[in-house]
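Beneath this line is the structure, given in structure tokens, with notes to follow.
Protein chains in written order, with this note's numbering: chain F, 135 to 389; chain D, 154 to 326.
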């Protein structure tokens, strides 16, 4: 009798283990593996995602196969629009900033970019960053970006339904460029007006935390620090504690 | 008679090209800066000052930042309190950077170059793909509205633009 109970117990245990382990193998993470690629600023025109290098060139999104990293091979071109300026990868999507709007593309298994949706905006330069829930787009009216006047704002766009991006909020800025979001902390590089930092926990409502006196043009958000690009310096900002955001290093190397 | 002579003089001067004509257009605009020499030459050298930074990229505690249209600074950020500017790679016309494994991709005017950066003391070009960007993008200043001096390809590749006073510029965007 004991032997039978033991056997039933063992079999149940074995079956249970099999069920749990097989479920685990079905889980596919959407987070991109950046260990082989690193990360770019939001003003980038190049982006490496997996085995593909994407390059935007004012009207097109060009795709190169870099399965063999030292042998890039041009694959195809997808026409996006006018004034295409920036590219921001997120999961298996590409967020493309152009002077007319934000274009969102899906990366198919073979690397081909496939159009999903777009959000049109007033003609301006626009870098974009996203955390998958909201896309943060800066619009800048400076002469180099807009030929007919324009606006200087930060737009918060709901992209939780990727097929249907919706503008939720607009915040006035002076002349913003790069933008970054990480752990609900939003960095907006408002150049001469400084580095503006917001708490985005209640996005689309943003709460200003502080403005640092840095001529910030672009930003790369790392885990707890951000690299901020100024015209001739790079600053590093620790944002691990939103009540004590501080600059930890600046670099202007004189040789 | 003297008065007549005087008036004739003025008239002849006015009608000559010595004096500015009424319909001369003198305006501030951009003039192309040409690069002499081989624009495809990529050279690794000792660290250079950060002056006109463009785009940047981070991987494995290293920061790569472009010196607009000149090259890429490589900065060792292992200790963020004390980053070290360790190398400069001169790449004419460069703006953008991306990396996969030990291969760094950069634009070299209208070409895409792939550099092996596994050993910073021996950085080498391992591949080059032409026609990354349409050629014509070199012939006018990007993101600019105004007058500029037309590009003359005979003079070489355009490495940048400088703001100058132009007289009767033939090109405009």
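We put the CB at the ideal spot given by N, CA and C, even for glycine.
How is residue 229 of chain F classed by DSSP in three states: helix, strand or coil?
Looking at residue 229 of chain F - three-state DSSP - the assignment turns out to be strand.
Alpha-carbon spacing of residue 182 of chain D relative to residue 222 of chain F, whole angstroms: Spanning the two alpha carbons is a distance of roughly 33 Å.
Could you tell me if residue 181 of chain F is buried or exposed, where buried requires 16 or more neighbouring beta carbons within 10 angstroms of its beta carbon? By the neighbour-count criterion, in which a residue is buried when 16 or more other Cβ atoms sit within 10 angstroms of its Cβ, residue 181 of chain F is buried.
| task | Identify whether residue 262 of chain D lies in helix, strand or coil by the three-state DSSP scheme. | result | In the structure shown, residue 262 of chain D sits in coil (DSSP, three-state: anything other than H, G, I, E or B).
Note to self: Let me check understanding here. Comparing Cα to Cα, which of F:339, F:335 and F:330 lies closest to residue 362 of chain F?
What the structure shows: Among F:339, F:335 and F:330, the Cα nearest to that of residue 362 of chain F is on F:330.
By a C-beta neighbour count over all protein chains shown, 10 Å radius and 16 as the cutoff for buried, is residue 159 of chain D buried or exposed?
Residue 159 of chain D is exposed by the Cβ-count criterion.
_Against chain D, does residue 383 of chain F count as a neighbour if the rule is that its beta carbon must be under 7 Å from one of theirs?_
Chain D, which has a Cβ nearer than 7 Å to the Cβ of residue 383 of chain F, makes this yes.
### Query
Quick one: which chain F residues come within Cβ less than 8 Å of residue 234 of chain D?
What residue 234 of chain D touches in chain F: 382 and 383.
Using Cβ-Cβ distances below 9 Å, what residues of the stretch 245-258 of chain D are close to chain F? Contacts with chain F (Cβ-Cβ distance below 9 Å) from the stretch 245-258 of chain D involve 248, 249, 250, 251, 252, 253, 254, 255, 256 and 258, listed in chain order.
Relative to the C-alpha of residue 305 of chain F, which residue among F:292, F:175 and F:271 is closest? For the residues F:292, F:175 and F:271, the minimum Cα distance to residue 305 of chain F belongs to F:271.
Any contact of the stretch 251-261 of chain D with the stretch 296-309 of chain D, i.e. 3+ C-beta pairs under 8 Å? The stretch 251-261 of chain D vs the stretch 296-309 of chain D: no contact.
Return the Cβ separation of residue 172 of chain F and residue 210 of chain D in integer angstroms, given the expectation that the two are a contact with Cβ distance under 8 Å.
-> Confirmed, about 6 Å.
Taking beta-carbon pairs under 9 Å, can you tell me which members of the stretch 196-224 of chain D lie near chain F?
Hits within the stretch, in order: 199, 200, 201, 202, 203, 204, 205, 206, 207, 208, 209, 210, 211, 212, 213, 215, 216, 217 and 218.
Given a threshold of 16 other Cβ atoms within 10 Å of its Cβ, counted over all protein chains shown, does residue 311 of chain F qualify as buried or as exposed?
Buried: at least 16 other Cβ atoms inside 10 Å.
(message) Could you check whether the stretch 291-304 of chain F touches the stretch 341-354 of chain F, counting it as contact only if at least three pairs of C-beta atoms, one from each stretch, sit closer than 8 Å?
(response) Taking a contact to require three or more Cβ pairs closer than 8 Å, the stretch 291-304 of chain F and the stretch 341-354 of chain F do not qualify as touching.
Requested in this report: Alpha carbon to alpha carbon, how far is residue 178 of chain D from residue 232 of chain D? Give it in angstroms, no decimals.
Outcome: Residue 232 of chain D and residue 178 of chain D: Cα-Cα distance of roughly 55 Å.
**OP:** Report the option in D:313, D:215, D:274 and D:228 whose CA atom is closest to the CA atom of residue 169 of chain F.
**Re:** Nearest neighbour of residue 169 of chain F by Cα position, chosen from D:313, D:215, D:274 and D:228, turns out to be D:215.
- Item | Enclosing beta strand (DSSP E) for residue 229 of chain D [first to last residue] | Going by DSSP, residue 229 of chain D is part of the beta strand (DSSP E) stretching over 224-229.
Check: From residue 237 of chain D to residue 266 of chain D, what distance separates their C-alpha atoms?
Finding: Here the alpha carbons of residue 266 of chain D and residue 237 of chain D stand approximately 25 Å from one another.
Q) Taking buried to mean at least 16 other C-beta atoms within 10 Å of its own C-beta, is residue 208 of chain D buried or exposed? A) Its Cβ being crowded by 16 or more others within 10 Å, residue 208 of chain D is buried.
Note to self: Closest to residue 374 of chain F by C-alpha separation, out of F:269, F:365 and F:357, would be which residue?
What the structure shows: When each option's Cα is compared against that of residue 374 of chain F, the closest is F:357.
Does DSSP put residue 241 of chain D in a helix, a strand or coil?
Looking at residue 241 of chain D - three-state DSSP - the assignment turns out to be strand.
Considering only residues of the same chain and omitting the five flanking positions on each side of residue 385 of chain F, which have a CB-CB separation below 7 Å? 367 and 368, listed in sequence order.
- prompt: Under the three-state reduction of DSSP, which class applies to residue 182 of chain F: helix, strand or coil?
  reply: Strand at residue 182 of chain F.
message: Quick check on residue 305 of chain D: buried or exposed, where buried means 16 or more other Cβ atoms within 10 Å of its Cβ?
response: Counting every other CB atom within 10 Å of its CB across the protein chains shown gives residue 305 of chain D a total below 16, marking it as exposed.
Anything in chain D within Cβ reach of residue 210 of chain F, meaning under 9 Å, just list it in chain order. Neighbours of residue 210 of chain F on chain D: none; closest Cβ ~14 Å, over 9 Å.
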